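Trainee: Below is the structure I would like to discuss, written out as structure tokens.
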Amino acid sequence: MYPGRFEYFAPASLDEALATLDRFGDEGKVLAGGQSLIPLMKLRFASPAALVDIGRLEGLDGLSEEDGELRIGALVRHRTCERSDLLGGRWGVLGTAAPQISDPIVRNMGTVAGSLAHADPQGDWGAVLLAADARVVVQRTGQRREISLEDFFQGPFMTALEPNEIITEVRVPDPGPRATGSYHKLERRVGDYATAGVAVHVSFSNGSVGRAGIALTGVAPTNVRAIEAEAALAGAQLDDSAIEEAARLTAEAANPHSDVRGSADYKRNVVRVFTERGLRAARDAQEG
Ligand SMILES: Cc1cc2nc3c(=O)[nH]c(=O)nc-3n(C[C@H](O)[C@H](O)[C@H](O)COP(=O)(O)OP(=O)(O)OC[C@H]3O[C@@H](n4cnc5c(N)ncnc54)[C@H](O)[C@@H]3O)c2cc1C
261 MYPGRFEYFA PASLDEALAT LDRFGDEGKV LAGGQSLIPL MKLRFASPAA
311 LVDIGRLEGL DGLSEEDGEL RIGALVRHRT CERSDLLGGR WGVLGTAAPQ
361 ISDPIVRNMG TVAGSLAHAD PQGDWGAVLL AADARVVVQR TGQRREISLE
411 DFFQGPFMTA LEPNEIITEV RVPDPGPRAT GSYHKLERRV GDYATAGVAV
461 HVSFSNGSVG RAGIALTGVA PTNVRAIEAE AALAGAQLDD SAIEEAARLT
511 AEAANPHSDV RGSADYKRNV VRVFTERGLR AARDAQEG
């Protein structure tokens with residue numbers, strides 16, 4: 261199917277993009293990689309009057325570490341993350357997730373920020389960046405604000421973004437020198453959305469867990485953190501019983517439904533197994 265009629269804008273600056281969004285209000289949409297928005301428009305699930313293409317804006321494609329914090333510009337593609345040497349070690353939860361997102365074509369085009377703005381409960385970056393305690397930097401004309409991802413996701417495909425706002429950057433706080441993490445995704449075939457996914461990001465301090473971030477994909481109306489499991493791990497030795505208890509609490513935090521990808525019980529069990537796997541990998545990395 262073809263999309264409905266729309267006006268297309270390719271602003272030369274962020275200010276111009278924001279001013280164009282101001283003009284169209286609810287009727288305007290930001291276009292980044294187009295990997296979620298264009299399919300929706302073709303299916304006529306979205307029919308914006310105006311598309312504001314931010315793809316050519318300069319200065320939004322940086323992926324860097326500054327003062328220990330990770331900064332991901334709005335135009336950083338999945339592929340950039342997949343190929344980045346920066347995203348190993350203490351940023352391993354991001355580095356292991358990137359190659360698991362869809363297929364090379366989508367990874368070449370789609371952006372991390374676009375994935376967050378789309379807020380698909382089956383989006384992988386939402387879980388990864390919740391586990392890493394990230395926040396988004398958002399701009400509108402004359403105003404800038406930061407929103408924790410916790411507050412950003414408000415429901416399936418719903419966020420705290422106003423129609424005239426653009427995410428300019430994603431920021432991930434410094435997890436300290438002894439951090440590690442990984443992302444575990446079950447998919448029916450390569451390139452599919454997650455049947456279930458678990459992101460694990462652990463900072464160690466004096467041999468025990470300082471902060472543990474655990475978040476889930478595809479098993480709740482939004483990407484969600486397993487808050488009780490995280491709290492149980494804080495300050496704990498990462499031994500077998502702590503891992504098993506955290507995995508049990510994480511499975512309880514999942515609220516999946518049965519669908520073509522599997523039954524609710526099956527998905528909850530996948531979450532438990534993947535959490536154990538992620539935490540054991542974190543322990544191995546810390547000991548190694
Ligand atoms: C076949 C296929 C398979 C896929 N599989 C997966 C998968 O396995 N895992 C996964 O996580 N994702 C998957 N995706 C989605 C993909 O990751 C998209 O790239 C991503 O969801 C959106 O990024 P984008 O840059 O393409 O955004 P766009 O499609 O351009 O935009 C998506 C939404 O975000 C808004 N938006 C984009 N950027 C900004 C910004 N900077 N500020 C404010 N609003 C913004 C747009 O207005 C729109 O509402 C898949 C997509 C396809 C087509």
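Quick note, the sequence shown lines up with residues 261 to 548 if you use this note's numbering.
We put the CB at the ideal spot given by N, CA and C, even for glycine.
If you're wondering where the values come from, they're calculated on a predicted model, not measured in any experiment.
May I ask which residues mark the beginning and end of the alpha helix (DSSP H) holding GLY365?
Mentor: Looking at the sequence provided, one finds Ile at residue 365 rather than Gly. From DSSP, the alpha helix (DSSP H) with ILE365 extends over 364-369.
Trainee: Regarding ALA549 and ligand 1, is the C-beta to nearest heavy atom distance less than 8 Å?
Mentor: Past the edges of the chain, shown from 261 to 548, lies residue 549, and the structure says nothing about it.
Trainee: Measure from the alpha carbon of LEU421 to the alpha carbon of each residue in VAL398, GLN403, PRO437, then state which is nearest.
Mentor: When each option's Cα is compared against that of LEU421, the closest is VAL398.
Trainee: Within 10 angstroms of its Cβ, does TYR443 collect 16 or more other Cβ (buried), or is it exposed?
Mentor: TYR443 should be labelled buried.
Trainee: At what residues does the alpha helix (DSSP H) containing LEU384 begin and finish?
Mentor: The sequence given here places Asp at residue 384; Leu does not occur at that position. Residues 384-391.
Trainee: Of all the options ALA542, ARG508, THR455, GLY436, which has the alpha carbon lying nearest to the alpha carbon of ASP384?
Mentor: Of the candidates ALA542, ARG508, THR455, GLY436, the one whose C-alpha sits nearest the C-alpha of ASP384 is THR455.
Trainee: Where in the region 329-364 do unbroken runs of the beta strand (DSSP E), each at least 3 residues long, occur, reported from the N-terminal end onward?
Mentor: Counting whole runs of 3 or more residues, the region 329-364 contains the beta strand (DSSP E) stretches 329-333.
Trainee: Would you give the residue range spanned by the alpha helix (DSSP H) that ASP313 belongs to?
Mentor: No alpha helix (DSSP H) holds ASP313; the beta strand (DSSP E) holding it covers 310-313.
Trainee: Give the C-beta separation of SER362 and GLY294 to the nearest angstrom, bearing in mind that I take them to be a contact with Cβ-Cβ under 8 Å.
Mentor: SER362 to GLY294, Cβ: 13 Å. No contact.
Trainee: Give the DSSP-derived three-state secondary structure of SER442 in the structure shown.
Mentor: Correct three-state label for SER442: strand.
Trainee: Please determine, among GLY328, GLU329, PRO364, GLU504, the residue with the shortest C-alpha to C-alpha distance to ARG343.
Mentor: Measuring from the Cα of ARG343, the nearest candidate turns out to be PRO364.
Trainee: What whole-angstrom Cβ distance do LEU441 and ALA391 have, given they're in contact under 8 Å?
Mentor: It is Gly, not Leu, that sits at residue 441 in the sequence shown. Indeed they touch by this definition, with Cβ atoms about 7 Å apart.
Trainee: Answer yes if the region 426-440 comes into contact with the region 505-521, meaning at least three C-beta pairs across the two stretches below 8 Å, and no otherwise.
Mentor: The region 505-521 vs the region 426-440: no contact.
Trainee: Opposite SER307 in the DSSP bridges: which residues?
Mentor: For SER307, which the question treats as bridged, DSSP gives no partner whatsoever.
Trainee: Under the rule that 16 or more other beta-carbon atoms within 10 Å means buried, what is LYS527, buried or exposed?
Mentor: LYS527 comes out buried.
Trainee: Check GLU287 in the structure and name its three-state DSSP category.
Mentor: Looking at GLU287 - three-state DSSP - the assignment turns out to be helix.
Trainee: Quick one: what does DSSP say MET301 is sitting in, helix, strand or coil?
Mentor: Of the three classes helix, strand and coil, the one that applies to MET301 here is helix, per DSSP.
Trainee: Let me check you understand the geometry: is the CB of THR371 closer than 8 Å to at least one non-hydrogen atom of ligand 1?
Mentor: Within the cutoff, so yes.
Trainee: Does the Cβ of GLY478 have 16 or more other Cβ atoms within 10 Å, making it buried, or fewer, making it exposed?
Mentor: It counts as buried.
Trainee: According to the neighbour-count rule (16 or more other Cβ atoms, all chains shown, within 10 Å of its Cβ), is PRO381 buried or exposed?
Mentor: Classification for PRO381: buried.
Trainee: Just to confirm my understanding: we take PHE534, look at its own chain, exclude 5 residues before and 5 after, and list those with CB closer than 6 Å. What are they?
Mentor: Within the same chain, PHE534 has close Cβ partners HIS444, VAL458.
Trainee: For HIS461, which residues does DSSP report across the bridge?
Mentor: Looking at the DSSP assignment, HIS461 forms a beta bridge with GLY441, GLY473.
Trainee: Is DSSP giving GLN399 helix, strand or coil here?
Mentor: Correct three-state label for GLN399: strand.
Trainee: Tell me, please, whether the region 465-474 touches the region 490-506 by the rule of three or more beta-carbon pairs shorter than 8 Å.
Mentor: The region 465-474 is in contact with the region 490-506.
Trainee: Does the region 314-333 come into contact with the region 402-419, if we say contact requires no fewer than three beta-carbon pairs (one atom in each stretch) closer than 8 Å?
Mentor: No, the region 314-333 does not touch the region 402-419.
Trainee: From the DSSP output, read off the bridge partner residues of GLU429.
Mentor: Answer is GLY333, VAL397, bridged to GLU429.
Trainee: Between VAL484, ALA377, ASN529, which lies nearest to MET418 when the distance is taken from Cα to Cα?
Mentor: MET418 has its Cα closest to that of ALA377, out of VAL484, ALA377, ASN529.
Trainee: Check each candidate in LEU446, ALA541, GLY473, ALA545 and name the one with the smallest Cα separation from ARG521.
Mentor: Answer by Cα proximity: LEU446.
Trainee: Can you give me the start and stop residues for the beta strand (DSSP E) that TYR268 sits inside?
Mentor: It spans 267-269 - the beta strand (DSSP E) in which TYR268 sits, taken as one unbroken run.
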